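Only one structure is covered here, and it is reproduced in the block below.
Numbering (the numbering used here), first residue to last: 851 to 1136.
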């Protein structure tokens, strides 16, 4: 399975956080901004970070803080498509872990984004996963298979034992392949953002870059879109990675927040990019 991650890194020319988290449906969505830039062309190779001290999995939190360079003021919107391994019965009873309107809005506004998807989500919504993965405006990255924590005491999540961490990550890539996602990225986001040295060591052989964030949107379980919007706008700096969610039941205001945040950040001179471009810009400033 390790070869799957490495093959994804080698083959990826940037394929496609939370899509059509699938198809647009018949809901009303905003018109695109007339001046919105086209997506950046994919790089020849997928940017990753060099291993950390002692060969540990590297951790990326934000891009370069510079502005006025050829890269300009960059910001990456990321969306976690969360679904735990044991939430099938809730989905079967009608709970929605996807958010098609959110992805439709990102498309309308021409916003590149990175979706950190669990394997269980891809199994539940294979058509949506494939739709995101085949859209060059988006890229899909790994958020584990089960959305179980890789450390203890992580927001009450069940935990994955150290000897199962690597298999859990690889199982997500297998689920992406079965769903028809063409080139998932060699990036991994720890469930809950929780990790320690032991987790970084366990995943080091997979070749992934762990991706965290520096701006917490606060959209999870939020009902006040204005408050979430203010939190994002107050936190963004050049190079920021913003974490949001693509789960209707757990993050119901995210699409509304995106409609407010995107034009304001563009007014401030920011350019939206995928995580891969932000990592590439960071590598260029080393």
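Glycine included, C-beta positions come from ideal geometry on N, C-alpha and C. This one's a predicted model, so the numbers in the text were calculated from it and none came from an experiment.
Between the options, which lies nearest to residue i when the distance is taken from Cα to Cα?
i: residue 962; options: 1132, 1125, 1130; result: 1125
i: residue 907; options: 1015, 1098, 1104; result: 1015
i: residue 968; options: 948, 960, 1122; result: 948
i: residue 930; options: 994, 1106, 936, 897; result: 994
i: residue 944; options: 1098, 1051, 1094; result: 1098
i: residue 972; options: 1012, 984, 1026; result: 1026
i: residue 1004; options: 1042, 1010, 1092; result: 1042
i: residue 1063; options: 1122, 1119, 987, 1093; result: 1093
i: residue 1023; options: 1056, 1121, 1105; result: 1056
i: residue 1039; options: 1061, 905, 1117; result: 1061
i: residue 978; options: 1072, 954, 998, 1076; result: 954
i: residue 1070; options: 1088, 1100, 1046; result: 1100
i: residue 1049; options: 1077, 1019, 1035; result: 1019
i: residue 941; options: 956, 952, 964, 970; result: 970
i: residue 1017; options: 1046, 1033, 998, 1123; result: 998
i: residue 946; options: 1034, 1085, 1095; result: 1095
i: residue 1086; options: 905, 895, 925, 899; result: 925
i: residue 1009; options: 1045, 1032, 1033, 1127; result: 1045
i: residue 1116; options: 1077, 1083, 1105; result: 1083
i: residue 1108; options: 1075, 983, 986; result: 1075
i: residue 1034; options: 1103, 899, 983; result: 983
i: residue 1051; options: 937, 1012, 1081, 1065; result: 1012
i: residue 938; options: 996, 1105, 1036, 1103; result: 996
i: residue 1121; options: 1089, 1106, 1006; result: 1089
To which residues does DSSP link residue i through a beta bridge?
i: residue 967; result: 931, 992
i: residue 1121; result: 924
i: residue 1095; result: 930
i: residue 1066; result: 1093
i: residue 1009; result: 999
Which of the three DSSP states, helix, strand or coil, is assigned to residue i?
i: residue 1037; result: strand
i: residue 947; result: coil
i: residue 910; result: strand
i: residue 1090; result: strand
i: residue 1079; result: helix
i: residue 1059; result: strand
i: residue 1024; result: helix
i: residue 1001; result: coil
i: residue 952; result: helix
i: residue 976; result: helix
i: residue 1106; result: helix
i: residue 1129; result: helix
i: residue 897; result: coil
i: residue 1051; result: helix
i: residue 889; result: Annotation note: pLDDT 42 at residue 889 (below 50); position unreliable, no value reported.
i: residue 958; result: helix
i: residue 1112; result: helix
i: residue 942; result: helix
i: residue 1016; result: helix
i: residue 1072; result: coil
i: residue 902; result: coil
i: residue 1046; result: coil
i: residue 1101; result: coil
i: residue 936; result: coil
i: residue 1084; result: helix
i: residue 1030; result: coil
i: residue 916; result: coil
i: residue 1134; result: helix
Below 8 Å on the Cβ atoms is my guess for residue i versus residue j; work out the distance and round it to an integer in Å.
i: residue 966; j: residue 991; result: 5 Å
i: residue 1059; j: residue 910; result: 6 Å
i: residue 933; j: residue 974; result: 6 Å
i: residue 1111; j: residue 1079; result: 6 Å
i: residue 916; j: residue 1091; result: Going by Cβ atoms, the distance from residue 916 to residue 1091 rounds to 15 Å, so no, they are not a contact pair.
i: residue 1132; j: residue 914; result: 6 Å
i: residue 1119; j: residue 923; result: 5 Å
i: residue 897; j: residue 1129; result: 4 Å
i: residue 980; j: residue 1031; result: 6 Å
i: residue 1029; j: residue 976; result: 4 Å
Considering only heavy atoms of the ligand ADP, does any lie closer than 7 Å to the CB of residue i?
i: residue 1011; result: The ligand ADP is not part of the structure shown, which contains no ligands of any sort.
At least one CB of chain C closer than 8 Å to the CB of residue i: is that the case?
i: residue 1050; result: In the structure shown, chain C does not exist; there is a single protein chain.
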